[in-house]
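Residue numbers (the working numbering): -5 to 878.
Ideal placement from N, C-alpha and C gives every residue a C-beta, glycine not left out.
1) Taking the alpha carbon of residue 727 as the reference point, which residue from 166, 704, 714 has its own alpha carbon closest?
2) By the three-class DSSP mapping on this structure, what secondary structure does residue 187 have?
3) Can you check whether the CB of residue 735 is closer than 8 Å to the CB of residue 684?
4) What do you reckon, are the CB atoms on residue 754 and residue 786 nearer than 8 Å?
5) According to DSSP, is residue 891 part of a helix, a strand, or is it coil?
6) Could you work out which residue in 175, 553, 577, 574 is closest to residue 587 when comparing CA atoms only?
7) In this structure, how does DSSP classify residue 516 when only helix, strand and coil are distinguished?
8) Is residue 8 helix, strand or coil by DSSP?
9) From this set, 555, 266, 125, which residue's C-alpha is nearest residue 281's C-alpha?
10) Using CA atoms only, rank isn't needed, just tell me which of 680, 725, 695 is closest to residue 711.
11) Using a 10 Å radius around the Cβ and a threshold of 16 neighbouring Cβ atoms, would you call residue 750 buried or exposed?
12) Kindly indicate the opening and closing residues of the alpha helix (DSSP H) around residue 505.
13) Apart from the five residues on each side of it in sequence, which residues of its chain come closer than 8 Å, Cβ to Cβ, to residue 290?
14) Using a Cβ-Cβ cutoff of less than 6 Å, which residues in the same chain neighbour residue 470 once the five nearest sequence positions on both sides are dropped?
15) Can you check DSSP and say which residues form a bridge with residue 402?
16) Give the single residue among 692, 276, 186 whose Cα lies nearest to the Cα of residue 312.
17) Counting only runs that start and end within the stretch 652 to 723, where is the alpha helix (DSSP H) found for 4 or more residues in a row?
18) From the DSSP output, in three-state form, read off residue 729 for me.
19) Specify whether the stretch 523 to 536 and the stretch 559 to 571 touch according to this definition: at least 3 beta carbon pairs, one from each stretch, less than 8 Å apart.
20) Within 8 Å, do at least three Cβ pairs link the stretch 571 to 579 to the stretch 470 to 481?
21) Which residues does DSSP list as the beta-bridge partners of residue 790?
22) Pick helix, strand or coil for residue 110, following the three-state DSSP scheme.
23) Considering only C-alpha positions, which residue in the set 56, 286, 408 is nearest to residue 106?
24) State the DSSP-derived secondary structure class of residue 321, mapped to helix, strand or coil.
25) Rounded to a whole number of angstroms, what is the C-alpha to C-alpha distance between residue 331 and residue 352?
26) Could you spell out where the alpha helix (DSSP H) holding residue 298 opens and where it closes?
27) Straight-line CA distance for residue 486 to residue 49?
28) Taking 8 Å as the limit between beta carbons, can you name the residues of its chain near residue 375, skipping five residues before and five after?
29) Alpha carbon to alpha carbon, how far is residue 830 from residue 805?
30) Give every residue of the same chain whose Cβ lies closer than 8 Å to the Cβ of residue 47, excluding the five residues on either side of it in the sequence, and list them in chain order.
31) With a CB to CB cut of under 6 Å and the five nearest residues on each side skipped, what residues in its chain are close to residue 760?
32) Are the stretch 442 to 451 and the stretch -5 to 6 touching by the rule of at least three beta carbon pairs closer than 8 Å?
33) Can you give me the Cβ contacts of residue 498 inside the same chain, cut-off strictly under 8 Å, excluding the 5 residues immediately before and after it?
34) Specify, as a first and last residue, the run of the beta strand (DSSP E) that residue 24 falls within.
35) Which runs of the alpha helix (DSSP H) at least 4 residues long sit entirely within the stretch 836 to 876? Give them in chain order.
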């Protein structure tokens, strides 16, 4: 047990996250000769991994022109890539680009690759030997294995000319069903696309413990690659009859497209069993005989309404000579009298006497007409069903109708196991009915579902994030680029909720390395809003909304700072040297330019420092020689190297300052690049929200609004990047979503839930994409204010904690506990919200609370005060307090 725990600890130290059924890890490192090794660490088993490895090899060859040797095992996949570029990591495809294959296309990719794999060659030899196609030259004597391999190769060379060679088809079936688990791979890829399973990418100097185990298999496979048998090593791409293979594999084809409920409704209409088509009298039952065909007594009863005597109606039709009784396939059935000649010529049934000559006239192609009508009155049917109905072999007739275009054949009926026949018009009707059923299933979700979807999509409080480190921080910040948020919200609310354990040094590291940059987006009280950008992505993105909205006046300080920074980045002390005036004025001018989005810093520490008005003695001392400007210098009574007064003011201006124009590039205002920037912004919004609506774009105050991005979203839909539809009720008809996000939106939560989230968090939709709930009490209104928090109960806003933790608003109407509905056993949803609020304070997610007012009234006299005291709040003279 100790060895196992130590093994897991070593793996976590190497990759910062352990692979699990909810997390797939892509590890990359260089081997001894400098080539890249990619290891997919996953617990989903060898059958899934083998299929995935084949598809990955096809993806690498098709998209990147690289031959990637892939080896699959029960614990993951190892890929070997040649050194693509001297740039190293930048030349490698990203984890999402490499691993996130399309679930609907992966089976075709695996089928195309398996024919050229060693697996196919080995299985073909075994199947050919089992089928006695490789006989022994001398019975009773062993045949050397290498001779069997040569014979298998020769046989494979001949078999590739015939697309329906049975051993080739059997080998495909065995590989795709017995050896590989393609359906399991498709299910895993769908979960990756919907983010139910996370994908984490890490780079290590050497192989981690898990990856080292996989490398043993890789070395064992390729050490003696030259000794592999020729048939296994050179299995060529074969000419394959895909229809025969689908029949052999029992692939579902249209089975997944046809809705079972829609099929039942269409068949009931065709068979006159539905409420709209049942008979109420003899005329309607006679019409059913002509359209459906022969009926026995039981079948006739199914086609009339309850309370109507079907037997009496049949006797009436027989008495009026409008229907006759015949014996077909051993059973007595009723037919329309004018079709007696048709059944006579088709089935040899002797009609009763007394019928008019016109009813007994010869009918050409009688059996074909009978089968065609059967097809028009039924859904997908098999040859055996038709044979049972009429007692004849209809195969030749069915093929004639298929050649004439009247019938089609395929795997149509849901849950079926063989190919069926279907009338062309009936199939069109089935498709329309199935589409209508699917449209009903994809009816827009309620607005409140967005409040549960966004936190799940953005990974709020997702388990297994502890110790993720800088790599996880990069992953979190990619979709949040360009989003202007209050400075304190980034490190207090937004980043920790997505990374789990968080250290400020991670953000400092990304900023100091130049990988990450921040840009001001307007002042906010004593602080302001900033947006984050990865420098490699910033040229394709626009400045944050709010940057430049309030340009600072062109004072002397502002112009001096701009002039100095145009020459290059510099420290605050360098600016002081060129400035003839109070240092505090220069500092204030510098922060004016910061919030206007003109100036940035290569450190995050200045943003953490409190924005306070400082005395002149508290600002950093002027560098030596700075006071000589203008003749006001002179002997100060101190050595230039004497100890200077140090204070927290230095943290406000530490680091190197630079102009943000260098982040966004020289072509920031180039109209020719406007389309490129719009596409990058559209893709970023899709990654951030999963589902983009007009309201979300307006909430971000994007220049040009939703209309400026509409054509870009249309182009992305054409390329298959996103889907357009009406996914969320009441949020506009034009909504664009990633495929995985739609399924995630419609997934109902398995249990009742509570969530405490910052009001400004982008995963919190109320006050932005969704309106705040209406309140009967108007003592305060919720807002997306920095430092405020919202408590959601089952996707509904329940509590609003104002900034400072002194005032609380209830957004639910019920005040008393013990109400019916969600959380009834715990005292109602409001009680659950209060409990979640208290637990968040104790867990350190919220600061200390000192509630003075609840719904505009003194907290001590509020009806909620007893419940808060029970939950651990301390009662004081004027307030209720709770500390972490």
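Working from what's here:
1) 704
2) helix
3) yes
4) no
5) The structure shown does not extend to residue 891, since the chain is modelled only from -5 to 878, so the question has no answer here.
6) 553
7) strand
8) helix
9) 266
10) 680
11) buried
12) 498 to 506
13) 325, 326, 327, 328
14) 492, 493
15) 416
16) 276
17) 655 to 658, 668 to 683, 688 to 693, 699 to 712
18) strand
19) no
20) no
21) 787
22) coil
23) 56
24) strand
25) 10 Å
26) No alpha helix (DSSP H) contains residue 298, which DSSP labels as neither H nor E.
27) 42 Å
28) 368, 369, 414, 415, 416
29) 15 Å
30) 64, 65, 66, 71, 73
31) 766, 791
32) no
33) 485, 598, 602
34) 17 to 24
35) 859 to 864
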